[in-house]
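Engineer:
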Amino acid sequence: MKIIIATMIALIISTSVMATQENYAFETEQQRVDFKRLTAELRCPMCQNQNIADSDAMIAHDMRRKVYQLITQGNNHDQVIDFMKQRYGDFVHYQPPVTNTTIWLWILPFSVLLLGGWILVRRKPVDINNSVSDTDKDHANDQDALIAKAEAMLEKDQ
Amino acid sequence: MINTRFIVPLVVFVTLVFFLYQGLFSDPRERDSQVLAQPMPTFSLPDLMDPSVIHTNKVFIGQVTLLNIWGVWCVTCAIELPYLTELSQQGVRFVGLYYDQDLDPDFGTKTLARVQQEVTDTTNQLGNPFEFNIFDVYRDTSLDLGVTGAPETLLIDQQGVIRVHHIGDINPRVWETKFAPLYDELIAQGVSQ
Chain A
157 MKIIIATMIA LIISTSVMAT QENYAFETEQ QRVDFKRLTA ELRCPMCQNQ NIADSDAMIA
217 HDMRRKVYQL ITQGNNHDQV IDFMKQRYGD FVHYQPPVTN TTIWLWILPF SVLLLGGWIL
277 VRRKPVDINN SVSDTDKDHA NDQDALIAKA EAMLEKDQ
Chain B
465 MINTRFIVPL VVFVTLVFFL YQGLFSDPRE RDSQVLAQPM PTFSLPDLMD PSVIHTNKVF
525 IGQVTLLNIW GVWCVTCAIE LPYLTELSQQ GVRFVGLYYD QDLDPDFGTK TLARVQQEVT
585 DTTNQLGNPF EFNIFDVYRD TSLDLGVTGA PETLLIDQQG VIRVHHIGDI NPRVWETKFA
645 PLYDELIAQG VSQ
């Protein structure tokens with residue numbers, strides 16, 4: 157039993173030791189902020205739904221190194237994004253530009269909203285006074301009849 | 465009135481079904497390469513086997529070349545090597561852009577001699593299609609090419625312009641459909657000039 161526990165503890169410790177850290181040193185605080193923001197905004201081209209800060213893919217490592225290099229060389233946020241877009245396309249940035257294709261993502265929800273509004277406005281308003289239908293009237297008559305019958309029975313009992 | 469009531473939802477439904485049905489066959493990994501019809505990015509990198517030799521963009525001028533991005537650690541590369549060797553024996557010029565996975569440019573401890581030994585072992589066993597291998601030490605050129613992993617292959621024409629960017633292995637089917645038509649055309653142009 158002791159051996160099993162010891163092995164488990166050893167395994168837990170060893171994995172945390174294995175998780176290596178990349179250490180990037182920055183000259184200014186601004187550079188560190190830029191680096192953090194950029195690695196969160198850039199998408200890993202290999203692993204689809206992770207940003208490069210999150211991903212452990214080799215390409216993400218390389219892209220982080222490149223971002224670091226570009227920042228320390230004095231490039232600003234937009235320049236780094238452009239650099240990556242030139243190589244990996246719009247896909248690489250989590251903020252896609254409005255193009256002929258992506259414009260539909262903006263148009264469709266608003267057009268559905270407008271369509272709904274139009275249908276609401278166009279719908280004929282319900283006239284409350286004239287809305288009592290024949291069936292409702294029949295129903296009311298039935299009730300009157302029932303009450304009359306009940307009252308007649310009550311009188312009989314007395 | 466009764467017609468539009470049924471036709472509108474029907475049209476919406478059919479459109480939606482068509483859209484989703486297409487999604488079943490779309491490859492989310494498929495992306496347009498940014499380097500197509502662009503000249504090969506400027507580079508100056510050592511030869512893998514003899515680092516005193518420096519290769520530049522000149523190696524692509526005047527000949528139709530297939531630049532294969534690979535590494536011994538890459539499983540799919542090992543599968544395509546025999547077929548690439550077969551093609552190279554038919555006269556297709558292959559140049560390798562080699563990059564190592566374990567050799568971390570900043571913290572790496574692996575020696576160049578060991579990388580060379582691994583490459584020699586692999587090519588002895590599976591075939592060597594390459595005229596030479598360019599060693600992309602810092603993987604900068606791979607990044608410039610928009611490479612996401614290995615293997616990837618570029619078809620570069622006589623002017624050093626990238627004409628095909630293929631992600632994944634080359635097998636007879638890929639060669640016949642994606643490379644051969646343009647390759648033959650480029651070769652024919654070169655002969656007529």
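Line by line, the protein sequences are chains A and B.
Under our numbering, the first residue of the first sequence carries the number 157, and numbering increases by one thereafter.
Under our numbering, the first residue of the second sequence carries the number 465, and numbering increases by one thereafter.
Positions of the beta carbon are idealized from the N, C-alpha and C atoms, including for glycine.
Check the Cβ of D218 (chain A) against every Cβ in chain B and list those closer than 7 Å, keeping chain order.
Structural biologist: R603, L607
Engineer: Let's test the definition: count the other Cβ atoms within 10 Å of the Cβ of S606 (chain B) and tell me whether it reaches 16, buried, or not, exposed.
Structural biologist: Burial call: buried.
Engineer: Identify whether T617 (chain B) lies in helix, strand or coil by the three-state DSSP scheme.
Structural biologist: strand
Engineer: Taking C-alpha atoms, which residue in B:Q502, B:L500, B:D514 lies nearest to V583 (chain B)?
Structural biologist: B:D514
Engineer: By the three-class DSSP mapping on this structure, what secondary structure does V559 (chain B) have?
Structural biologist: strand
Engineer: For the candidate residues B:G591, B:T575, B:G535, whose alpha-carbon lies nearest to that of Q553 (chain B)?
Structural biologist: B:G591
Engineer: Got a sec? Which residues, its chain only, sit under 7 Å from Q580 (chain B) by beta carbon, not counting five neighbours each side?
Structural biologist: L512, M513
Engineer: List, in order along the chain, the chain B residues whose C-beta lies closer than 7 Å to that of P201 (chain A)?
Structural biologist: T612
Engineer: With Q498 (chain B) and G610 (chain B) assumed to form a contact (beta carbons below 8 Å), what rounded beta-carbon distance in angstroms separates them?
Structural biologist: 5 Å
Engineer: Scan the stretch 238-261 of chain A for residues whose Cβ lies nearer than 7 Å to a Cβ of chain B and list them as they occur along the chain.
Structural biologist: Q242, R243, Y244, G245, F247
Engineer: Should I543 (chain B) and A614 (chain B) be called a contact, given that it needs their Cβ atoms to be closer than 8 Å?
Structural biologist: no
Engineer: How is E311 (chain A) classed by DSSP in three states: helix, strand or coil?
Structural biologist: helix
Engineer: Nearest to H249 (chain A) by alpha carbon, out of A:A304, A:N256, A:N205?
Structural biologist: A:N205
Engineer: If you run the structure through DSSP and keep just helix, strand and coil, what is R627 (chain B)?
Structural biologist: strand
Engineer: Can a CB atom of chain B be found closer than 8 Å to the CB of K222 (chain A)?
Structural biologist: Under the Cβ criterion of 8 Å, K222 (chain A) is counted among the residues facing chain B.
Engineer: Can you name the residues of chain A whose CB is closer than 8 Å to the CB of Q565 (chain B)?
Structural biologist: M214
Engineer: Does DSSP put R495 (chain B) in a helix, a strand or coil?
Structural biologist: When secondary structure is reduced to three states using DSSP, R495 (chain B) falls in the coil class, being assigned neither helix nor strand.
Engineer: Along the beta strand (DSSP E) that carries P593 (chain B), what are the first and last residues, could you check?
Structural biologist: Here P593 (chain B) belongs to no beta strand (DSSP E), and DSSP marks it neither H nor E.
Engineer: Can you tell which of A:M309, A:E185, A:R220 has its C-alpha closest to the C-alpha of E197 (chain A)?
Structural biologist: A:R220
Engineer: Which residues, in order along the stretch 483-499 of chain B, keep a beta-carbon less than 9 Å from a beta-carbon of chain A?
Structural biologist: P492, R493, R495, D496, S497, Q498, V499
Engineer: Taking the CB atoms as reference points, tell me whether F247 (chain A) and P201 (chain A) lie closer together than 8 Å.
Structural biologist: yes
Engineer: With a 10 Å radius around its C-beta and 16 neighbouring C-beta atoms as the bar for buried, classify D648 (chain B) as buried or exposed.
Structural biologist: exposed
Engineer: Are at least three pairs of beta-carbons, each pair with one atom in the stretch 471-483 of chain B and one in the stretch 591-600 of chain B, less than 8 Å apart?
Structural biologist: no
Engineer: For I227 (chain A), which residues of its own chain have a beta-carbon under 6 Å away from its beta-carbon, when the five flanking residues on both sides are left out?
Structural biologist: Q187, D190, F191
Engineer: As a quick exercise: from A:A308, A:T184, A:M309, A:R193, pick the residue whose alpha carbon is nearest that of I237 (chain A).
Structural biologist: Answer by Cα proximity: A:R193.
Engineer: With S508 (chain B) as the anchor, note down where its alpha helix (DSSP H) starts and where it stops.
Structural biologist: Looking at the DSSP string, S508 (chain B) is not in any alpha helix (DSSP H); the run it does join, the beta strand (DSSP E), is 508-510.
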